[in-house]
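> Taking our numbering, the leading residue of the sequence shown gets 2, the next gets one more, and so forth.
I'd like to ask you about the structure that follows.
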Amino acid sequence: MLCFLCTPHSLLLIRKKRGLGAGKINGPGGKTEPGETPREAAIRETREEVGLVPIEPRYQGVLRFAFADGYRLEVQIFTATAWEGLLCETDEALPFWCPRESIPYEEMWEDDILWLPAVLEGETVEGEMFLRGDSLEFWDLRRVDPGPD
């Protein structure tokens with residue numbers, strides 16, 4: 002699950018400090034705990050990683066990742082335009098505000114440039130990605146009807 006906090010001109014990104022994607026830039030996020038909805042996980046993970054609590058995060062899609070080593074991951078995507086709390090660095094993430102026109106895609110997962118622009122324009126996406134290490138080898142990405150929120 003990923004949650005991007007957005008203003009009209011910028012978004013909150015993190016440099017991940019540990020775990021899958023350590024060193025890469027992404028949005029705050031993580032795993033859904035047992036008994037927790039993806040939206041609840043978006044709120045909790047964002048608070049844990051950057052100190053901000055998203056208010057009414059909006060569902061904007063799902064991506065399913067398969068890695069050559071057999072690892073699989075499903076990632077729900079959320080955005081929020083309102084939040085509370087104080088932005089802070091944690092042991093998991095170094096957060097920073099980034100202008101929308103200069104998103105550092107070259108420091109992000111290779112697939113992010115395929116779907117993040119659509120999400121930032123309010124689209125809902127669904128897709129499958131196959132990666133060998135950090136290299137994207139195959140993808141299928143669609144814009145879909147968001148359905149009921």
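Glycine included, every Cβ here is placed at the ideal spot set by N, Cα and C.
All figures in this text were calculated on a predicted structure; none of them were measured in a lab.
#1: Does the distance from the C-beta atom of Thr-47 to that of Leu-6 stay below 9 Å?
#2: Take Thr-38 and list the residues in its own chain whose beta-carbon comes closer than 8 Å to its own, dropping the five residues that flank it on each side.
#3: If you draw a straight line from the C-alpha of Glu-75 to the C-alpha of Phe-131, how long is it?
#4: Between Ile-15 and Arg-143, what straight-line distance do the alpha-carbon atoms span, to the nearest angstrom?
#5: In terms of alpha-carbon separation, which member of Pro-29, Gln-77 and Glu-108 lies closest to Thr-91?
#6: The ligand FAD heavy atoms versus the CB of Pro-35: any closer than 8 Å?
#7: In terms of DSSP beta bridges, what is Gln-77 paired with?
#8: Within the same chain, show all residues whose beta-carbon is closer than 6 Å to that of Ala-69, passing over the 5 residues directly before and after it, in chain order.
#9: Skipping 5 residues on each side, what residues in its chain have a beta carbon closer than 8 Å to that of Glu-49?
#10: Residue ranges of each alpha helix (DSSP H) run of no fewer than 4 residues wholly in the segment 32-57, ordered along the chain?
#11: Can you tell me the Cα-Cα spacing of Asp-113 and Pro-96, whole angstroms?
#12: Beta-carbon separation of Lys-25 and Glu-108 under 9 Å?
#13: Checking 9 Å against the spacing of the C-beta atoms, do Gly-128 and Leu-115 come in under that value?
#14: If you run the structure through DSSP and keep just helix, strand and coil, what is Pro-147?
Based on what the coordinates show:
#1: yes
#2: none
#3: 12 Å
#4: 26 Å
#5: Pro-29
#6: Looking at this structure, you won't find the ligand FAD or any other ligand, since it has none at all.
#7: Val-63
#8: Arg-133
#9: Gly-31, Thr-91 and Glu-93
#10: 39-51
#11: 17 Å
#12: yes
#13: yes
#14: coil
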